[in-house]
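Residue numbering for the sequence shown is 19 to 230, as defined by our numbering. First comes the structure, then the notes that go with it.
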Amino acid sequence: MAARPCAVIFGAGDSGSAAAAIAARLADEGLPLHLAGTHAAGLKAAATALRPSGQAVTIATLDPADATQVASLFQRIADAGQQPSLVVHAPGAQSTGTPALQTSLAEAEALWRRICYAGALIGQAAMPRLLEAGQGTLLLLAPAASGAAVAAASAGLRALSQSMAREFGPQGLHVAQLMLAEGVQPEAVAETCWWLHRQHRTTWTQELDLLP
């Protein structure tokens with residue numbers, strides 16, 4: 019029996035976030051959902067909100083910057099007979115735009131781990147699964163904030179996305195990065211993500227800046 023396509027969304031535990039809106043949009047398309055993030059209560063609330071859609075929703079409380087936990091999630095999905103079709107990394111901003119000279123190294127490292135490092139781990143775990151199907155989409159979202167630490171982390175994620183797009187595009191996988199400015203509407207971001215996932219292979223978008 020062929021594995022059933024599903025979507026995996028990291029960062030969906032934050033109420034009103036782009037990730038939560040993406041989950042709702044994908045539920046409308048009939049995709050089983052796997053929601054992952056650090057906030058257990060938020061994930062449960064997101065799953066409850068999606069219940070009227072009738073789609074299967076599984077939640078996983080984990081640290082996206084922990085390679086073992088991320089890999090374990092994808093293995094559980096495979097064991098359940100499902101095949102990721104769309105994987106989204108949506109860490110959110112949570113930045114005050116701290117100027118460079120006022121940014122602590124601890125803040126810079128924490129943002130880098132949550133935005134860039136976690137994106138790398140998710141990509142490493144997701145791409146072999148997508149390659150098994152010979153198709154699929156990885157979307158890496160990053161905040162377009164002015165703070166030095168978040169800007170550096172988002173730049174790293176952008177470089178990662180470019181590299182992965184060049185490597186995996188010829189193998190049938192779509193990798194795209196979205197820069198989210200403050201003030202963009204989560205529902206509009208979700209619609210854009212679905213549009214990217216449905217793009218024809220000959221016209222794939224690799225980078226997209228979303229501005230209000």
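By construction, the Cβ of each residue, glycine as well, lies at the ideal position given by its N, Cα and C atoms.
Judged by DSSP secondary structure, G99 falls outside any alpha helix (DSSP H); it is assigned neither H nor E. In the assembly as shown, R147 is a buried residue. Its beta-carbon has 16 or more other beta-carbons within 10 Å.
Taking C-beta atoms as the reference points, A206 and A162 fail to come closer than 7 Å. The Cβ atoms of L226 and L196 lie closer than 7 Å to each other.
Taking C-alpha positions only, G31 is separated from G190 by approximately 30 Å.
The DSSP assignment places 154-161 as complete runs of the beta strand (DSSP E) inside the stretch 116-183, in order along the chain (cut-off: 3 residues).
Taking a contact to require three or more Cβ pairs closer than 8 Å, the stretch 147-161 and the stretch 95-114 qualify as touching.
DSSP places V26 within a strand segment (E or B) once states are collapsed to three. At the C-beta level, L61 and I40 stay beyond 7 Å of one another. One Cα belongs to W212, the other to F28, and the distance between them is close to 16 Å. If the five residues before and after P50 are omitted, its C-beta is found closer than 7 Å to the C-beta atoms of R22, C24, Q73, A74, Q100, all from its own chain and listed in chain order. For G55, the enclosing beta strand (DSSP E) has its first and last residue at 51-55. Judged by DSSP in its simplified three-state form, L80 adopts coil rather than helix or strand. 7 Å or more divides the Cβ of M182 from the Cβ of V168. Comparing alpha carbon positions, the residue from I95, L80, L157, D84 closest to V106 is L157. A direct Cα-to-Cα measurement between P70 and E47 gives close to 13 Å.
When rounded, the separation of the alpha-carbon atoms in A59 and A143 is 25 Å.
Ranking A83, L159, L44, Q217 by CA distance to the CA of Q153 puts Q217 first.
In summary, P230 is exposed, with fewer than 16 beta-carbon neighbours lying within 10 Å of its beta-carbon over all protein chains present.
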